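Here is the structure we will look at, set down as structure tokens.
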Amino acid sequence: MSHPVNLRVPILPVCVGIALLVATGAASAQAASGAMSGGANTASMQSAAKVSSADKSFVEKAAIGSMAEVQMGKLAQQKAGSDQVKQFGTRMVDDHSKANDDLKQVASSKGIPLPSALDSEHKSKMAKLEKLSGAQFDRAYMDDMVSDHKKDVAEFEKQAKSGNDADIKGFASKTLPTLQQHLSLAESTDKAVKGGK
218 MSHPVNLRVP
228 ILPVCVGIAL
238 LVATGAASAQ
248 AASGAMSGGA
258 NTASMQSAAK
268 VSSADKSFVE
278 KAAIGSMAEV
288 QMGKLAQQKA
298 GSDQVKQFGT
308 RMVDDHSKAN
318 DDLKQVASSK
328 GIPLPSALDS
338 EHKSKMAKLE
348 KLSGAQFDRA
358 YMDDMVSDHK
368 KDVAEFEKQA
378 KSGNDADIKG
388 FASKTLPTLQ
398 QHLSLAESTD
408 KAVKGGK
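Right under this line is the structure:
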């Protein structure tokens, strides 16, 4: 007589073996997906590392400059004696706030940390302007805006032409026409302020 019970005995080790294979496969799939996500993080770190020091320097300077334009523009809204200067200040706040948002997106995608405060040069300018009001403020502020925007236009032109990173070059090219308008407006407002003295 055969023993049917014995025929069923090998089934248990086979089931255990299959269960082990499934578990091992799941674990290796998790490890693979973990390695892939880790690889993505490494890739973004590598892209940040590829940004040249000149491009990083441009981004940091642009961030500080734009931050200063917003803060000085707010000061102009409060302290300017001329409506034309107040309007110029409002334009600076609006345009440079937008430029800051665009720059933050580019910097974030490149892993470039942006400065959160003004540098000593711009802090010093702010401190001088805070002590002035009316016509004195108007002249000092507009002088500063003309010289600042001449520098900005030159730096953005250089970056738009010879920057290494395509996205940072794109930001410079996109922002340059606005800065050129600011320079033209700063020069005409400066003349009006001095001519009206």
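For the sequence shown, the numbering used here assigns the number 218 to the initial residue and increments by one for each residue that follows. Note that CB positions come from ideal geometry on N, CA and C, so glycine has one too. None of the values given here were measured: they were computed from a predicted structure.
Hey, would you say the C-beta of G351 is under 8 Å away from at least one heavy atom of the ligand ATP?
Ligands in the displayed structure: none, and consequently the ligand ATP is not present.
Just mark G290 as buried or exposed, buried being the case when its beta carbon has 16 or more other beta carbons within 10 Å.
Here residue 290 refers to the residue found at position 73 when the sequence shown is read from its first residue. By the neighbour-count rule (16 or more Cβ atoms within 10 Å), G290 is buried.
When we look at the beta-carbon of A252 and count the other beta-carbons within 10 Å, is it buried (16 or more) or exposed?
Taking the sequence shown and counting its residues from 1, the one referred to as residue 252 is at position 35. Any reading at A252 needs caution, since the residue's pLDDT is 44, under 50, leaving its predicted position unreliable; the model's value is listed next. Its Cβ having fewer than 16 others within 10 Å, A252 is exposed.
Hey, V410 and S299 are a contact pair by Cβ (cut 8 Å); roughly how many whole angstroms apart?
Locating residue 410 in the sequence shown gives position 193, counting from the first residue. Locating residue 299 in the sequence shown gives position 82, counting from the first residue. Confirmed, about 6 Å.
Going by the beta-carbon positions, is the gap between I329 and V287 smaller than 9 Å?
Position 112 of the sequence shown holds residue 329. Position 70 of the sequence shown holds residue 287. Result no, Cβ atoms of I329 and V287 do not sit closer than 9 Å.
Since E347 and L292 should fall inside the 8 Å C-beta cutoff, what is the C-beta to C-beta distance between them, to a whole number of angstroms?
Within the sequence shown, the letter at position 130 stands for residue 347. Within the sequence shown, the letter at position 75 stands for residue 292. Correct: roughly 7 Å between the Cβ atoms.
Does the beta-carbon of A324 have 16 or more other beta-carbons within 10 angstroms, so that it is buried, or is it exposed?
For the purposes of this step, residue 324 is identified with residue 107 of the sequence shown, where counting begins at 1. Flag for A324 reads buried.
Three-state class that DSSP yields for A334 in the structure shown:
For the purposes of this step, residue 334 is identified with residue 117 of the sequence shown, where counting begins at 1. Of the three classes helix, strand and coil, the one that applies to A334 here is coil, per DSSP.
Is the beta carbon of F305 sitting closer than 9 Å to the one on L402?
Along the sequence shown, one-based indexing puts residue 305 at 88. Along the sequence shown, one-based indexing puts residue 402 at 185. Yes.
Can you list, in chain order, the residues of its chain whose CB lies under 8 Å from that of M343, leaving out five sequence neighbours each side?
The residue you call residue 343 lines up with position 126 of the sequence shown. Cβ neighbours of M343 beyond the five flanking positions: A285, Q288, M289, L292 and L335.
Going by beta carbon distance, what residues of the same chain come within less than 8 Å of H366, once the five residues before and after it are set aside?
Residue mapping note: residue 366 aligns to position 149 of the sequence shown, counting from 1. Excluding sequence neighbours, H366 sits near L396, H399, L400 and A403.
Tell me the DSSP bridge mates of A297?
Mapped onto the sequence shown, residue 297 falls at position 80. Within the DSSP secondary-structure output, A297 pairs in a beta bridge with G351.
Taking the straight line between their C-alpha atoms, what separation do you get for V310 and K303?
Counting from one through the sequence shown, the residue named residue 310 turns up at place 93. Counting from one through the sequence shown, the residue named residue 303 turns up at place 86. Each residue's alpha carbon lies about 11 Å from the other.
In terms of residue numbering, what span does the alpha helix (DSSP H) encompassing D384 cover?
Here residue 384 is taken as the residue at index 167 of the sequence shown, counted from 1. That run of the alpha helix (DSSP H) goes A383 to G412.
Assuming Q295 and T406 form a contact by the criterion Cβ under 8 Å, report the distance between their Cβ atoms to the nearest whole angstrom.
Numbered from 1 along the sequence shown, position 78 holds the residue referred to as residue 295. Numbered from 1 along the sequence shown, position 189 holds the residue referred to as residue 406. Their Cβ separation, rounded to whole angstroms, is 17 Å, which puts Q295 and T406 out of contact at 8 Å.
What do you get for D318, buried or exposed, if any count of 16 or more other CB atoms within 10 angstroms of its CB means buried?
One-based indexing of the sequence shown puts residue 318 at position 101. Per the 10 Å Cβ criterion, exposed.
What is the DSSP secondary structure of I329, counted as helix, strand or coil?
The residue you call residue 329 lines up with position 112 of the sequence shown. Three-state DSSP puts I329 in coil, outside helix and strand.
Exposed or buried, what is A297 when buried is set at 16 or more other beta-carbons lying within 10 Å of its beta-carbon?
Taking the sequence shown and counting its residues from 1, one reaches residue 297 at position 80. In summary, A297 is buried, with 16 or more beta-carbon neighbours lying within 10 Å of its beta-carbon over all protein chains present.
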